[in-house]
Amino acid sequence: MSQGSEQRSQFLRDAAKHESHAEAAALRGDVVEAAKAVLKSLDCERRAGSIGPQILQVIKPRS
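Going by the numbering used here, the first residue of the sequence shown is number 1174, and it counts up by one from there.
So, in structure tokens, the structure goes:
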């Protein structure tokens, strides 16, 4: 596995961990903790999506 795909996999594992933490916190009624965990999960998903070449950078003509 390449470093980029391993890093992406790690971010996705972290996102799943934060998501399950958010669900547990919501079930306990801890809305603040649930919201924090959801934001951390979304951040991990965003980071996972930004690894590798960006399409706009590939097709964007250079001046």
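A virtual CB, placed ideally from N, CA and C, is assigned to each residue, including glycine.
Item, Value
"Proximity of A1195 and V1211 at Cβ, strictly below 8 Å", "yes"
"Cβ contact check for the stretch 1201 to 1208 and the stretch 1184 to 1192: 3 or more pairs under 8 Å", "no"
"Other residues of its chain near E1192: CB distance less than 8 Å, five sequence neighbours each side excluded", "A1210, V1211, S1214"
"Cα-Cα separation, D1216 to R1201", "23 Å"
"DSSP state of S1193 mapped onto helix, strand, coil", "helix"
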